[in-house]
Amino acid sequence: SRVSLARREVDPLRRRPPFVPSSPPPESFKFLCRANMSGEEEENAAELKIGEEFLKAKCLMNCEVARILDHKYDQLQQTSDDPTNQISQVFEKSMQYVKRFSRYKNPDAVRQVREVLSRYKLAEFELCVLGNLCPETVEEAIAIVPSIKVRIKGRMLEDDAIEKMLHDLSLIKKFE
132 SRVSLARREV DPLRRRPPFV PSSPPPESFK FLCRANMSGE EEENAAELKI GEEFLKAKCL
192 MNCEVARILD HKYDQLQQTS DDPTNQISQV FEKSMQYVKR FSRYKNPDAV RQVREVLSRY
252 KLAEFELCVL GNLCPETVEE AIAIVPSIKV RIKGRMLEDD AIEKMLHDLS LIKKFE
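Basically this note's numbering = 1-based index in the sequence shown + 131.
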């Protein structure tokens with residue numbers, strides 16, 4: 132049961148009164164809350180509203196990360212004087228993950244995938260998601276990356292362009 136103490140209730144399990152602010156929040160705080168609650172500043176990947184830093188960032192597909200980590204692993208093995216020198220568990224787990232989920236193993240295929248996807252003026256993260264997941268149908272591609280069907284900065288891919296892009300990717304995988 133709750134006990135009333137000076138017009139504040141005390142929860143017997145917590146043994147302290149609930150937080151009651153002594154003054155209203157500043158005006159700037161209210162503005163931030165209204166902006167977030169109204170959705171004006173909310174991020175939305177389907178419309179490429181992901182923040183300027185992320186739009187400018189260089190993204191890598193799993194197969195590209197795998198190649199980088201392999202190279203780093205080889206360097207660490209060559210420079211290590213102690214054969215029992217242990218590579219960090221995080222490094223090993225990361226390498227296992229990207230190798231497991233890499234769709235392309237051949238370095239030329241990796242380069243070709245990036246070239247094919249770059250022709251369609253995709254954002255970096257769109258390119259990497261499509262390169263990592265390799266959708267087989269237009270519907271899958273749109274479900275995975277809805278922003279490819281949204282008119283953004285004059286760019287909108289039609290279904291036939293998406294179909295051609297997916298076909299090109301499947302050819303690269305087939306002849307890898």
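For every residue, glycine included, the Cβ atom is placed at its ideal position computed from N, Cα and C. These numbers were taken from a predicted model, which means no experiment stands behind them.
Excluding residues up to 5 positions away in sequence, 241 lie with their Cβ nearer than 7 Å to the Cβ of residue 195 in the same chain.
Within the model, the alpha-carbon separation for residue 237 versus residue 205 is close to 18 Å. The residue from 294, 307, 220, 197 with its alpha-carbon nearest to that of residue 232 is 197. Following the DSSP letters along the chain, one finds residue 235 in no alpha helix (DSSP H), marked with neither H nor E.
The DSSP assignment places 183–187 as complete runs of the alpha helix (DSSP H) inside the stretch 176–206, in order along the chain (cut-off: 4 residues). Rounded to the nearest whole angstrom, the C-alpha separation of residue 184 and residue 306 is 36 Å. The criterion of a C-beta distance shorter than 8 Å is satisfied by residue 244 and residue 303.
Residue 219 and residue 207 have their alpha carbons spaced roughly 11 Å apart. Going by DSSP, residue 296 is part of the alpha helix (DSSP H) stretching over 290–305. 296 is the residue among 296, 217, 199, 225 whose C-alpha sits nearest the C-alpha of residue 258. If the five residues before and after residue 239 are omitted, its C-beta is found closer than 8 Å to no C-beta atom of its own chain. DSSP, read as helix, strand or coil, puts residue 245 in helix.
Between residue 176 and residue 278, the beta carbon gap of about 6 Å places them in contact (Cβ cut-off 8 Å). Between residue 290 and residue 260, the C-beta spacing is not below 8 Å.
Residue 192 and residue 210 have their C-alpha atoms some 27 Å from each other.
For residue 273, the enclosing alpha helix (DSSP H) covers residues 269–275.
Residue 287 and residue 199 have their C-alpha atoms some 32 Å from each other.
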